[in-house]
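First the structure, in the form of structure tokens, and then the observations on it.
Here is the structure:
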């Protein structure tokens, strides 16, 4: 019997799509949060309180308005007070694999976690190890807000989708710093499509907490660009979460990567 279970099924609503005409990354995380809760209830129902420490996501193709999708989940590693869940996102119409997620979970009580049914081998894309920001990397202010009551989850902490909405917006502020402004994107029918996300979570804020985000551009290729975002508590300065974001500059009509103009690439290289 397969240990993979269905943990989410739904559709892409038009209002969930961003200015680049595809499902915005924050709504993927809303679905991952659903998948996580259902998977945990199935494989470790008595393990006690837990928190997600990180999610590594690889996007293999985009979803657009009206597409149908579902998620299959299974435990892929376990240890003392730790569990890793694997999630696979599929296009429900074609069966095509669209995204993979490795979710790292830490439990409050460090006892051995024994998932019901055992562990399955992970066959998702190999995880890429990225260098952290170098000392002296230039960060730009890219977000500042307070946590609203409707943004928190059942535990009273900032929900994943609202965390990622802030990082997603921060990416546009980082792009402004190199001249990849909204006007440039509109005039040239260009966009930014994320294919890898590496989220680390220290402690999620609650209602009324102040949060600030700063971003840096760490790597520039022919059409690709790697960003790094850091969110801190606006009062104490303590780090809340960070997100490594790797994506491509792409042609909105052709829906494929497009070379970065020399001026933008040079500006990004100077900033990084």
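Residue numbers (our numbering): 24 to 295.
Glycine included, each C-beta is placed from N, C-alpha and C at the ideal position.
Keep in mind it's a predicted model, so treat the numbers as computed, not measured.
For the candidate residues the options, whose alpha-carbon lies nearest to that of residue i?
i	options	result
residue 100	142, 59, 75, 111	142
residue 113	91, 211, 223	91
residue 118	125, 133, 130, 94	94
residue 97	137, 272, 265	137
residue 149	168, 155, 123	123
residue 292	147, 128, 272, 242	242
residue 275	145, 286, 42	42
residue 269	30, 28, 215	215
residue 33	27, 25, 46	46
residue 236	74, 197, 272	197
residue 116	174, 86, 285	86
residue 279	217, 234, 285, 233	217
Assuming residue i and residue j form a contact by the criterion Cβ under 8 Å, report the distance between their Cβ atoms to the nearest whole angstrom.
i	j	result
residue 83	residue 121	6 Å
residue 267	residue 251	5 Å
residue 191	residue 238	Their Cβ separation, rounded to whole angstroms, is 11 Å, which puts residue 191 and residue 238 out of contact at 8 Å.
residue 174	residue 185	4 Å
What does a CB cutoff of less than 8 Å around residue i pick up in its chain, not counting 5 residues either side in sequence?
i	result
residue 139	65, 66, 67, 68
residue 200	163, 240, 290, 294
Are there 16 or more other CB atoms within 10 angstroms of the CB of residue i, so buried, or fewer, so exposed?
i	result
residue 189	buried
residue 231	exposed
residue 253	buried
residue 271	buried
residue 111	buried
Can you give me the Cβ contacts of residue i inside the same chain, cut-off strictly under 6 Å, excluding the 5 residues immediately before and after it?
i	result
residue 176	182
residue 135	103
residue 17	Lying outside 24 to 295, the shown extent of the chain, residue 17 is not represented and no answer is given.
residue 88	35, 37, 40
residue 30	58, 61, 62, 94, 96
residue 128	73, 75, 106
When every heavy atom of the ligand ZN is checked, does at least one fall within less than 7 Å of the C-beta of residue i?
i	result
residue 176	Ligands in the displayed structure: none, and consequently the ligand ZN is not present.
Sorted by chain position, which residues of the same chain lie with C-beta nearer than 7 Å to residue i's C-beta, five sequence neighbours on each side aside?
i	result
residue 132	71, 104
Report task. Please determine if the segment 203-215 and the segment 253-261 are in contact, where contact requires at least 3 C-beta pairs separated by less than 8 Å. Result -> no
Query raised in the report: Does the segment 215-226 come close enough to the segment 53-62 to have 3 or more Cβ pairs within less than 8 Å?
Result: no
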